[in-house]
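Position 38 of the sequence shown, counting from 1, maps to 38 under full-length UniProt numbering, and the rest follow consecutively. Scroll down for the structure; my scribbles are underneath it.
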Amino acid sequence: MAYYVLLTNFTDQGAKTVKDTVKRAEAFKEMAAKSGVKVHSLYWTLGQHDVVAIAEADDDIAATALSLSIASLGNVRTQTLRALDANDMAKVIAKMG
């Protein structure tokens, strides 16, 4: 399994209906589960991004499909980052020249 950080910002549409954001977050978690992605945590944040989620998926395809699925609803734009845990980073270091 691979880890992903989803940095999310409200679109104009999402900001206009921000009172529904908690309901949308639950729908996001359900959508993720159906596509084989586990959402470990989801936080509304201050600063550059409105929402940050940490998720785990089998591969980049599943994570990308989820990001595009939520973006297509029109309430948010996402930037998805592949994250490495300590075990993954140790493998990277072992391959360094």
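No residue lacks a Cβ here, since even glycine has one placed at the ideal position from N, Cα and C.
Secondary structure at residue i, three-state DSSP: helix, strand or coil?
i, result
"L37", "According to the sequence as given, residue 37 is Val; it is not Leu. It is coil, neither helix nor strand."
Closest to residue i by C-alpha separation, out of the options, would be which residue?
i, options, result
"L6", "A15, K19 and F28", "F28"
"R82", "T21, D59, D12 and V39", "D59"
"residue 98", "I61, L73, V18 and I93", "No answer is possible for residue 98: it lies beyond the span of the chain, which begins at 1 and ends at 97."
"L46", "A25, A65 and T8", "T8"
"A71", "D12, M1 and G97", "D12"
"S69", "V37, G97 and Q48", "V37"
"V51", "M31, V22, E30 and K16", "V22"
Can you tell me where the alpha helix (DSSP H) holding residue i begins and where it ends?
i, result
"L66", "D60 to A71"
"V92", "A86 to K95"
"G47", "Neither: G47 is in no alpha helix (DSSP H) and is coded neither H nor E."
"D12", "D12 to K16"
Tell me which residue opens and which closes the beta strand (DSSP E) that residue i is part of.
i, result
"Q79", "V76 to A83"
Quick test of your reading: residue i and residue j, contact by CB under 8 Å. State the CB separation rounded to the nearest angstrom.
i, j, result
"V76", "A55", "Rounded, the Cβ-Cβ distance is 14 Å, inconsistent with contact."
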